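Using numbering that gives the first Met the number 0, the first residue of the sequence shown is number 0, and each one after it goes up by one. A virtual CB, placed ideally from N, CA and C, is assigned to each residue, including glycine. The structure presented is a predicted model; accordingly, all values stated were derived computationally and were not measured. To start, the structure under review is shown below, and the notes come after it.
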Amino acid sequence: MMQKSEIRTYIVQQFATLTDEELEMRGRQLHEYLYEHPSWREANVIAVTVATPREIPTRPLIEKAWMEGKKIVVPKTDGKRRVLDFYTLSSFAELKQRKNSLWEPDPNRSERVPSEHIDLLIVPGLAFNETGYRVGFGGGYYDRFLADYNGHTIAFSLSFQLFSNLPTETHDIPVQTLFTETS
């Protein structure tokens with residue numbers, strides 16, 4: 000079994016081989032699966048990251064949620080407390096780009112939303128197995144957030160992100176629904 004660091008390196012390399020058009024097309028396909036899912040239709044408040052250029056795009060999904068009257072909340076990392084806080088997002092202009100190319104909300108322009116108000120959490124990840132366990136980016140922020148989160152969790156996976164075996168730890172919490180290119 001590959002180690003987490005090897006998996007992360009492999010996945011980053013695979014994403015680098017995709018053109019922007021391929022990534023957008025494959026992302027649209029995954030989004031369509033989500034839009035048909037009851038958790039999307041029933042959700043009023045959806046938490047999602049704003050994807051970086053080498054991830055499955057999320058801006059189209061955010062725009063669709065806005066068109067449907069749903070509230071979008073996006074994470075901001077708190078490095079001192081090592082936690083995620085989610086803030087409302089009503090316009091992409093409310094975002095600030097960090098040095099590592101992550102887009103985060105400006106807490107001075109947005110309202111913090113407690114986890115119990117989030118109906119659906121779209122969880123980012125680099126690799127997944129069929130039971131929803133994931134390898135993230137290594138900070139542990141989502142693992143800590145998921146430990147106390149009670150809403151529905153979903154993740155997206157391209158074919159090269161799926162592994163039959165992943166290293167897992169006792170604190171890992173699987174996502175409830177995993178959308179793949181064949182689901």
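Can you grab the Cα-Cα spacing for the pair residue i / residue j, in whole Å?
i      : j      : result
Lys3   : Asp171 : 13 Å
Trp65  : Val44  : 10 Å
Ile117 : Ala46  : 7 Å
Ala126 : Gly138 : 15 Å
Ser114 : Thr48  : 15 Å
Leu101 : Ala50  : 8 Å
Ile10  : Thr18  : 15 Å
Arg143 : Met24  : 32 Å
Ser109 : Glu20  : 32 Å
Lys95  : His36  : 31 Å
Val82  : Thr8   : 24 Å
Val134 : Leu157 : 14 Å
Arg58  : Glu93  : 13 Å
Glu180 : Thr76  : 29 Å
Spatial neighbours of residue i within its chain, please: CB distance less than 6 Å, with the 5 preceding and 5 following residues excluded, ordered by chain position.
i      : result
Asn164 : Met0
Phe85  : Ala46, Val72, Pro74, Val112
Pro173 : Thr130, Gly131, Tyr132
Gly26  : Ile55, Pro56
Leu29  : Phe155, Phe178
Leu145 : Ile172
Gly124 : Arg133, Gly135, Ala154
Ala42  : Asp118, Leu119
Is the CB-CB distance between residue i and residue j below 7 Å?
i      : j      : result
Ile71  : Ile61  : yes
Val122 : Tyr141 : yes
Tyr34  : Ser182 : no
Asn128 : Phe159 : no
Thr176 : Ile153 : yes
Report the CB separation of residue i from residue j in whole angstroms; it is logged as a contact under 8 Å.
i      : j      : result
Leu119 : Gly68  : Leu119 to Gly68, Cβ: 14 Å. No contact.
Leu88  : Pro106 : That pair is no contact at about 12 Å.
Arg53  : Phe14  : 4 Å
Less than 8 Å between C-beta atoms, sequence neighbours within five positions excluded: which residues of the same chain meet that for residue i?
i      : result
Tyr148 : Ser114, Ile117, Leu120
Which residues in the same chain have their Cβ closer than 7 Å to the Cβ of residue i, if we skip the five residues on either side of it in sequence?
i      : result
Trp39  : Leu33, Leu119
Thr167 : Tyr132
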